[in-house]
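Sequence positions in the sequence shown follow full-length UniProt numbering and run 1 to 123. Just below is one structure, and these are the notes that go with it.
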Amino acid sequence: MQTKKLAILIAYLAGSIFAPQASAEPTEAQDVPKVLFCDQTGFNPPCITEIASIGECITLRPQWADKVSSLQPNREAGICRFYKEKYCFGEYIDFEYPGHDNLPAIPGRWNDNIESYECFGNN
Numbered sequence: 001m002q003t004k005k006l007a008i009l010i011a012y013l014a015g016s017i018f019a020p021q022a023s024a025e026p027t028e029a030q031d032v033p034k035v036l037f038c039d040q041t042g043f044n045p046p047c048i049t050e051i052a053s054i055g056e057c058i059t060l061r062p063q064w065a066d067k068v069s070s071l072q073p074n075r076e077a078g079i080c081r082f083y084k085e086k087y088c089f090g091e092y093i094d095f096e097y098p099g100h101d102n103l104p105a106i107p108g109r110w111n112d113n114i115e116s117y118e119c120f121g122n123n
């Protein structure tokens, strides 16, 4: 009987020693390139966070097109180019982290005038 208990204990301990350990590394979600878009200046709500596929043009959802007053690419997004027209055409302006909290203050009518963007990553 004691031998059986000892065998079970050894099997349990061996399983816990060789079991995969939780990683202290950042999760993949933290490493994803993203852009925060806010309807108000100062990153005030309403806001939306969009995934930024590196090197791909992304047209904003209709409810956000021409409504952005502050924006913030995260560090993983690198430099992002924001366009006044859909499909990444027309005039553009570049931002990287920490973005800009007051688009009305930028010459060239950028407030409520962004329809698409593309990000280039932080190579």
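Every residue, glycine too, gets a C-beta built ideally from N, C-alpha and C. All figures in this text were calculated on a predicted structure; none of them were measured in a lab.
Just the Cα atoms here: how many angstroms apart are residue i and residue j?
i, j, result
"D39", "W110", "13 Å"
"P73", "R61", "17 Å"
"I58", "Y117", "5 Å"
"P104", "R81", "17 Å"
Smallest Cα separation from residue i: which of the options?
i, options, result
"V35", "E91, Q63, G78", "G78"
"D94", "F120, Q63, P33", "F120"
"P107", "E118, Y97, G55, E91", "E91"
"D112", "S53, W64, T49", "W64"
Could you check where the beta strand (DSSP E) with residue i kicks off and where it finishes?
i, result
"R75", "Segment: none, R75 is in no beta strand (DSSP E) and carries neither H nor E."
"S116", "116 to 119"
"L36", "34 to 38"
"C47", "47 to 51"
"F95", "92 to 95"
Is the distance from the Cβ of residue i to the Cβ of residue j below 8 Å?
i, j, result
"E96", "D66", "no"
"residue 167", "E76", "The displayed coordinates of the chain run from 1 to 123. Any statement about residue 167 would go beyond what the structure contains."
"residue 138", "F37", "Residue 138 falls outside the range modelled here, since the chain spans only 1 to 123, and no answer is possible."
Q.
Could you check whether the stretch 77 to 90 touches the stretch 40 to 49, counting it as contact only if at least three pairs of C-beta atoms, one from each stretch, sit closer than 8 Å?
A. Counting C-beta pairs with one atom in each stretch, the stretch 77 to 90 and the stretch 40 to 49 have fewer than three that are closer than 8 Å, which means they do not touch.
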